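Data block below; observations after.
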Amino acid sequence: MEKLLLSKPGKKIILLGNEAIVRGALESGVQFVSTYPGTPASEIGDTFYRISKESGVYMEYSTNEKVALEGAIGASFSGLKTLVAMKNFGLNVAADSLLPFCYTGSKGPTVIVIGDDPSCWSSAQSEQNSRFFSYLAHIPTLEPSDPQECKDFTKLAFQISEKFGLPVIIRTTTRVAHQRTPVKLGKITRPGRVIGKFIKDPKRFVTMPPRVLEMKKELLEKIEKIKEFSEKSPINSLIGKPSRQEIGIITSGVSYLYVMEALKELTPHQRAGGGLPVLKLGFFYPLPKKKIKIFIKNLEKVLVVEELEPYLEKEIERLAKDTNPKLKVFGKNLLPEVGELKPEIIAQAIAKFANKKFLIPNSRFLVPKIKRFPQLCPGCPYWLVFSAIKKAVNPKRVIFGGDIGCYMLAGLPPHFLQDYLSCMGSSVGIAHGIKKATKQKLITFIGDSTFFHAGIPALINTVFNKSNPLIIVLENQTTAMTGHQPHPGKVIKIEDIVLACGVKNLKVIDPINQKEFIGAVKEFLNKKEVSVIIARRPCIFVK
Amino acid sequence: MVKNFEQFNILIVGTGGQGLITLLQILAEAALLEGKDLKTSELHGLSQRGGSVEVHVRFGKKIYSPLVSQGKADLILGLEIQECLKAYYFANPKTTFLINKYLIPIHFKNPPTENKTLNILKKFSKKIILIKAADICQKEFGTNVTAGIYLLSLASFKNLIPLKPDSILKAIKKIIPEKYWEINLKTFNLAKQEVKKLSKGNKTIIT
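Going line by line, the protein sequences match chains A and B. Throughout, this note's numbering is defined as the position within the first sequence, counted from one, plus 529. Throughout, this note's numbering is defined as the position within the second sequence, counted from one, plus 387.
Shown next, in the form of structure tokens:
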């Protein structure tokens, strides 16, 4: 059985950041979990999926992140303790439901875990810094730096949500979510009978004007109270002493660990912090402004160390205007805004900032850079699809739309069948626009899980507004890229949906039948209406 | 070799599917068994599907960063020769490269040969140990799937990692499912025999 459930309080076991979040939720007595898989957040849902029976926690893979969040909102309205997890872009999909949820507030405590991915290790589309949603939605946001904090902050997030009636975001990054350390365990709280009760209260749950403006006011009042809570919270902590120091560092998340590493490197003989005061912020929103003001009050210079866009830096510049107008705020002038930070990059920045000498080792050597592209697995059904396409058409004369899944590899050698790629489900929507705007031939690929996630409204649009792309639904019967999670195809046939959308040109073909597949591509590419081929063959990992 | 240490930094490089994360988990468990603080970092997702992978393991008295800093690796474990070219900037003159003598073909113009790769690595550290781990395992078991375990075991027996072989063995049993214990324990013992041979001044080491 899972070590997560068996291990006793007080014991230290090695956990991945995402597993630690699960343990934190279990210790908090979570009852309802929903998610849509996405790296670097997938293991949260996957772990709950494995332990759902033994733990008694309700868990589902929802159709997409918006639906996952809405499920969580309903469970929260019914009084259940709820957690929802997704990757960064998932929050864009869920944002429509997130904002009103902050207006109504949560009833059952609710935690939303968001995994960002600086350096785009496992993310197409953009290097999103999801912390901006904290401002947009007015949602309290905590940033853990290691697995112990992942567990502890998750528990704290449930407490904050319970106390103030607002959902709380735990924002991780790849190097937190996929970091392992020993974690000291607490006691698991059994979820009990997972049956809530929805008590009618339209004043609370209906966001219609003019009430909606009152709700906004109430939300801002809640945030003011949480600000006070943040001021007193030990997760905003000071390392070293700021008094009589001329310089100091403010940081959060995994960057804190790199800062401490860099300081140890630069001043090896000193204690932790190397003598420089460091303010570590566990709260990203709302910020403990008084604590920050006290920290910067007597400094000449402060270095803000954060990944991606300088949100903290801007806040600190604003605070300095009141409290210490002469303060020089350093941040993105010494650190990159693109790509994740690393200890040596921060050491270099601190050295410049503190007038010390530091040279990153090996940065001057030139070595041939090898490139090893990821590959479709041997035996993957997509090989068959791509090979049939190349036989059916001249790839130079056809536009190929890509979408999110293993089939993004269509863009790499040896395939080269991807002319545009954006976000989940967008291949079809963009195909419609191109077909309306041009007279060129177009084939788009979309996986089955992605089709359910966001492809269906776009397909309906091609019928309603009359365009004729050829859409190939790659039905491998799993969410393969993120770890083979199940999806609605288990109970709903894609051809039934396609027909119900009003598509007339439809074929379901196992791509092992190359001749039939090639014939269908040739035939459908000349149709005046939209066409769909469902390429049905399971992923080699589907049992 | 490494007795009193503040911290020990290991970088493992290879390609997706070679079991790097399992090795990382074994090292982390072994370090915990010996009462060390530790942090690791790994990557998941599509890029790992046969692409280049690098994972970090650090342990010692107090560990902050989960990532090894540039120039700070004590040991670089290469499960594939060319992939070591991605790890060079973590090396310093004291770094040991322990490399599986194994090449996975690459789509690349003039891929760097074994000799060329080793010559480049020598600019960073002279301590390069090339072991036919994949061949040895293939010959013994008909599969090279445990080549990583072989290298890891060898590293502990040769004292290239400051963790006792016994801790590594216990960690293997903790991390690897019981049905695969037999082949992994055999691999562990195979490495033990090899180190005995090596200490008598025998073959396979190239520096």
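Backbone N, C-alpha and C define an ideal beta-carbon position, used for all residues, glycine too. Computed from a predicted model, the values in this text were never measured in an experiment.
A939(A) places its beta carbon 7 Å or farther from that of L950(A).
Taking all protein chains in view, the Cβ of L665(A) is surrounded by fewer than 16 other Cβ atoms within 10 Å, so the residue is classified as exposed. The Cβ-Cβ distance between T967(A) and V957(A) does not fall below 7 Å. The beta-carbon separation of A521(B) and A534(B), rounded to 4 Å, stays under the 8 Å limit for a contact.
About 5 Å separates the beta carbon of V562(A) from that of L612(A), a gap short enough to meet the 8 Å contact definition.
Burial of N571(B) is indicated by the presence of at least 16 other C-beta atoms within 10 angstroms of its C-beta. Uninterrupted alpha helix (DSSP H) stretches at least 4 residues long and entirely within the stretch 740 to 786 of chain A occur at 740 to 761, given in chain order. Among the residues facing chain B, E790(A) is included, as its CB has a counterpart in that chain under 7 Å away. The beta carbons of T504(B) and L454(B) sit no closer together than 7 Å. When C-beta distances to chain A are compared with 9 Å, the residues of the stretch 469 to 493 of chain B below that value are Q469, E470, L472, K473, Y475, Y476, F477, A478, N479, I491, I493, in chain order. For S766(A), same chain residues with a beta-carbon under 6 Å away, outside a window of 5 residues either side, are K809 in chain order. Residues of the stretch 544 to 564 of chain B with a Cβ closer than 9 Å to any Cβ of chain A: none. Rounded to the nearest angstrom, the gap between the Cα atoms of E429(B) and H443(B) is 7 Å. With fewer than 16 other beta carbons inside 10 angstroms of its own, E866(A) counts as exposed. Bounds of any beta strand (DSSP E) do not take in R926(A), whose DSSP letter is neither H nor E. Contact check for A1049(A) and I1038(A): beta-carbon distance about 6 Å, within the 8 Å limit, so the pair qualifies.
The shortest CA-to-CA distance from P480(B) to any of L508(B), E467(B), Q469(B) is the one to L508(B).
Contact annotation for A415(B) against chain A: I543, R709 [CB-CB distance below 8 Å, chain order]. Along the stretch 956 to 1038 of chain A, the beta strand (DSSP E) occurs as fully enclosed runs of 3 or more residues at 970 to 976, 999 to 1004, 1034 to 1038, listed in sequence order. By the Cβ-count criterion, M615(A) is buried, with 16 or more other Cβ atoms from all chains shown falling within 10 Å of its own Cβ. Beyond the five residues adjoining it in sequence on each side, E794(A) comes within less than 6 Å, by CB distance, of A876 in the same chain, given in chain order.
The beta carbon of N617(A) does not come within 7 Å of any beta carbon belonging to chain B, so the residue lies off that interface.
Taking 8 Å as the upper bound for CB-CB distance, P815(A) and I755(A) are in contact here, some 6 Å apart. Counting only Cβ-Cβ distances below 8 Å, I889(A) has contacts in chain B at Q457, G458, in chain order.
Residue pairing of L612(A) in beta bridges, as defined by DSSP: V562(A), V640(A). Within chain B, the residues H431 have their CB atoms less than 7 Å from the CB of P569(A), given in chain order. Flagged as an interface residue toward chain A: K426(B), by a C-beta distance shorter than 7 Å.
In summary, W650(A) is buried, with 16 or more beta-carbon neighbours lying within 10 Å of its beta-carbon over all protein chains present. Taking a C-beta cut-off of 9 Å against chain B, the contacting residues of the stretch 879 to 912 of chain A are I889, P890, N891, S892, F894, V896, P897, K898, I899, K900, R901, F902, P903, Q904, L905, C906, listed in chain order. Under a criterion of Cβ atoms nearer than 7 Å, no residue of chain A is adjacent to L407(B); the nearest Cβ is some 12 Å distant. For N396(B), the uninterrupted beta strand (DSSP E) run begins and ends at 394 to 402, by DSSP. Among the CB atoms of chain B, one or more fall inside 7 Å of the CB of Y787(A). Rounded to whole angstroms, the separation of the alpha carbons of I821(A) and A849(A) is 9 Å. The contact set of I507(B) on chain A, defined by CB atoms closer than 7 Å, consists of V896 in chain order. With fewer than 16 other Cβ atoms from the protein chains shown falling within 10 Å of its own Cβ, N923(A) counts as exposed. If you compare the alpha carbons of R926(A), I899(A), I543(A), P942(A) with that of A558(B), the shortest gap goes to I543(A).
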